[in-house]
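> Going down the list, the sequences are from chains Z and F.
Sequential numbering from 1 applies to the first sequence in our numbering.
Sequential numbering from 1001 applies to the second sequence in our numbering.
One structure coming up, written as structure tokens, with questions to follow.
There are 2 protein chains.
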Amino acid sequence: MTELEKGPTGRRRGRGARERILGAAQELFREQGINRTGMDQLCAAAEVSKRTAYQHFAGKDELVAEYLRRFDPSVLSGVFDRTDLTPRERLLAAFDVPPTTPLCPYIATAVELHDPQHPASQYARDYKQAVAARLADAAREAGAADPEQLGEQLALLIDGAAARTRVLNADAFPTAAAIAAVLIDNAIPATAGDDRRREEVSS
Amino acid sequence: MTELEKGPTGRRRGRGARERILGAAQELFREQGINRTGMDQLCAAAEVSKRTAYQHFAGKDELVAEYLRRFDPSVLSGVFDRTDLTPRERLLAAFDVPPTTPLCPYIATAVELHDPQHPASQYARDYKQAVAARLADAAREAGAADPEQLGEQLALLIDGAAARTRVLNADAFPTAAAIAAVLIDNAIPATAGDDRRREEVSS
DNA sequence: CGGTAAGCACACAGGGCGGTGTACTTAAGT
DNA sequence: ACTTAAGTACACCGCCCTGTGTGCTTACCG
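Encoded structure:
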């Protein structure tokens, strides 16, 4: 519905079917969830015939898996490549999500599918572990005493904020960011302080 | 399947239909999720005729709402009433969940239903806020500087652990408990230390 | 004992879903 | 121009799901 750039011909949109399908999936799965989005509706939104959809994807399951795989982790990749930030700032930047973010689709998919064996569930697992690993890398760069632990902790905070935001319908990322700041300051030895305030920890 | 105490008559189980239905819902919704559990299957598991089920509940939605409402928050209520623990220990005890806990059903329900207006979603919201409030109470009792903030933070940790446990298929509560310990020690002024170690904060 | 509320068995309606079959049309490459 | 890959239109199948209609049986309680 947003900007599906309809082809110039008006009908018979041409060769971009697969991309249009994945684009529509992105939108509809986010807005309605996977289970509540039928293939008919999805194909209509993608302006693609159902037949074409099933020539690109063996079934809905495969489409769901590909949808997750193609999901643009804009928050993540955008954050870790920013060299203008100190490592500590980079760790904290992971919590600056635009308020228009509905919910981490990886969690939503894993819960909705309810099957750990599903390819999409496996990919969600891989992705979450990758995020923790990248956070651990940044933590190591920032001089954390136990980077793996800090990475795992920050990843848990992100997931907690995402879940809580969904259930309460209220942005929980600021709370998570506050916790993250405490953890980071506690984990990084005072010597490595790049931009830490002088005052020691909290009280 | 666990201990549905089947009636002595063998068939025609008698008047306990409503309880049996809710018991079966508890089990099946947890194990399979709500959307993947049909009313037929549920009635079979409850040893109740479908007709009876629909005389007790106007529809599946109402059953789901009642299921959440009747959910025994064994972890929660069991923890806050323990007077043998110091307030700090009580806060930490909320993270000692038995490893057989699949996932906080409130999060799962909110994600599965995908409709914030659904009665069950509203109840999930209420419940999550109640948990945060009780945690804040305990935090106040423990002498935290900002009990509301600490309560909200601990609640976020619990939700994060629950979500992450589900997605990764690995217990994330120890990590959350470790974070909680840091937060609690940072939030409670040193004077009120009931059982804190002497060494200052982490490093 | 008799009445009434609770429960049962079972078929069936109505709809949505995932997925397919068939015959047709268009665009692109050489 | 001809071929071929991509897409289309649309009817259709079988399945499962929520929810009902109907007539019957049992347990409790005064």
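Just so it is clear, CB atoms sit at the ideal spot from N, CA and C, and this is done for glycine as well.
Using the Cα positions of Gln-117 of chain Z and Ala-124 of chain Z, report the straight-line distance between them to the nearest angstrom.
Cα to Cα, the separation comes out at about 11 Å.
> Am I right that Leu-1150 of chain F and Ala-1094 of chain F are in contact with their C-beta atoms under 8 Å? What's the rounded C-beta distance?
That pair is no contact at about 12 Å.
> Let's see if you can read the secondary structure: which residues bound the alpha helix (DSSP H) around Gly-1160 of chain F?
Unbroken alpha helix (DSSP H) run through Gly-1160 of chain F: 1147-1168.
> Glu-141 of chain Z by DSSP, collapsed to three states: which one?
Looking at Glu-141 of chain Z - three-state DSSP - the assignment turns out to be helix.
> Tell whether a beta-carbon distance below 8 Å holds between Ala-25 of chain Z and Val-48 of chain Z.
Not in contact: Ala-25 of chain Z and Val-48 of chain Z (Cβ atoms no closer than 8 Å).
> Counting only beta-carbon atoms, is His-1118 of chain F nearer than 8 Å to chain Z?
So no, His-1118 of chain F is outside the interface.
> Starting from the C-beta of Asn-1035 of chain F, find all residues in its chain whose C-beta is less than 8 Å away, skip the five residues before and the five after it, and write them out in chain order.
Taken in chain order, the residues that qualify are Glu-1112.
> Nearest-angstrom Cα distance between Lys-60 of chain Z and Arg-30 of chain Z?
Their Cα atoms are separated by approximately 15 Å.
> Run the CB neighbour count on Glu-19 of chain Z, radius 10 Å, all protein chains shown included, and call it buried at 16 or more, exposed below.
So Glu-19 of chain Z counts as exposed.
> Could you please give the first and the last residue of the uninterrupted alpha helix (DSSP H) stretch that includes Ile-34 of chain Z?
It is not in any alpha helix (DSSP H) - Ile-34 of chain Z carries neither H nor E in the DSSP assignment.
> Here's a check: name, in chain order, each residue in its chain whose Cβ is nearer than 7 Å to the Cβ of Ile-107 of chain Z, leaving out the five neighbours to either side.
For Ile-107 of chain Z, where only same-chain residues beyond five positions count, the Cβ hits under 7 Å are Asp-159, Ala-162 and Ala-163.
> Does DSSP classify Cys-43 of chain Z as helix, strand or coil?
Residue state, collapsed to three classes: helix.
> Give the residues of chain Z in contact with Glu-1152 of chain F, contact being defined as C-beta atoms less than 7 Å apart.
Per Cβ cutoff of 7 Å: Thr-175.
> Kindly list the residues whose CB is nearer than 7 Å to the CB of Ala-181 of chain Z, restricted to its own chain and excluding five residues on each side of it in sequence; keep chain order.
So the list reads Leu-92, once near-sequence residues are dropped.
> Determine the direct distance from the alpha carbon of Leu-1103 of chain F to that of Ala-65 of chain Z, and round the result to whole angstroms.
Rounded to the nearest angstrom, the two C-alpha atoms are 23 Å apart.
> May I have the straight-line CA-CA distance separating Glu-1089 of chain F from Gly-143 of chain Z, to the nearest angstrom?
About 31 Å.
> Does at least one heavy atom of the ligand COA sit under 7 Å from the Cβ of Glu-31 of chain Z?
Of ligands this structure carries none, so the ligand COA is not represented either.
> If you measure beta-carbon to beta-carbon, which residues of the segment 1054-1072 of chain F are closer than 9 Å to chain Z?
So nothing in the stretch comes that close.
> Lys-1050 of chain F CB to nearest chain Z CB: under 8 Å?
No, no contact with chain Z.
> Give the interface partners of Tyr-106 of chain Z over in chain F, defined as CB-CB distance under 8 Å, in chain order.
Under the 8 Å cutoff, chain F gives Val-1167.
> Hey, does Ile-1184 of chain F have any beta-carbon neighbour from chain Z nearer than 8 Å?
By this cut-off, Ile-1184 of chain F is not an interface position.
> Can you tell which of F:Glu-1152, F:Thr-1175 and F:Ala-1058 has its C-alpha closest to the C-alpha of Leu-168 of chain Z?
Per the Cα distances, F:Glu-1152.
> CB Ala-1045 of chain F to CB Leu-1028 of chain F, shorter than 8 Å?
Yes; because the gap between Cβ atoms is below 8 Å, this pair is in contact.
> Hey, does Arg-134 of chain Z have any beta-carbon neighbour from chain F nearer than 8 Å?
Judged by the 8 Å Cβ criterion, Arg-134 of chain Z is not in contact with chain F.
> Look up Leu-183 of chain Z in the DSSP assignment and say whether it is helix, strand or coil.
In this structure, Leu-183 of chain Z counts as helix in the three-state DSSP scheme.
> Suppose contacts are defined by Cβ-Cβ distances below 8 Å. Is Leu-1156 of chain F in contact with Leu-1183 of chain F by that definition?
Not closer than 8 Å, so no.
> So what's His-56 of chain Z in DSSP terms, helix, strand or just coil?
It is helical.
> Going by alpha carbons, who is nearest to Arg-69 of chain Z out of Z:Thr-165, Z:Ala-120 and Z:Leu-42?
Measuring from the Cα of Arg-69 of chain Z, the nearest candidate turns out to be Z:Ala-120.
> Leaving out five residues on either side along the sequence, give the residues of the same chain with a beta carbon under 7 Å from the beta carbon of Ala-110 of chain Z.
So the qualifying residues of the chain are Ser-121 and Ala-124.
> From which residue to which residue does the alpha helix (DSSP H) around Arg-980 of chain F run?
Given a span of 1001 to 1203 for chain F in the structure shown, any question on residue 980 of chain F remains unanswerable.
> Between Phe-38 of chain Z and His-1114 of chain F, which are expected to be in contact by the criterion C-beta below 8 Å, what is the C-beta distance as a whole number of angstroms?
Going by the sequence as given, residue 38 of chain Z is Gly instead of Phe. Not confirmed; about 14 Å, so no contact.
> So Ala-1044 of chain F contacts chain Z; which residues on that side make the cut at Cβ distance below 9 Å?
Residues of chain Z passing the Cβ test: none, with the nearest at roughly 20 Å.
> Could you spell out where the alpha helix (DSSP H) holding Thr-1109 of chain F opens and where it closes?
Counting along the chain, the alpha helix (DSSP H) containing Thr-1109 of chain F begins and ends at 1105-1113.
> Could you tell me how far apart the beta carbons of Ile-179 of chain Z and Ile-1188 of chain F are, in whole angstroms, since I believe they sit closer than 8 Å?
15 Å between Cβ atoms; not a contact.
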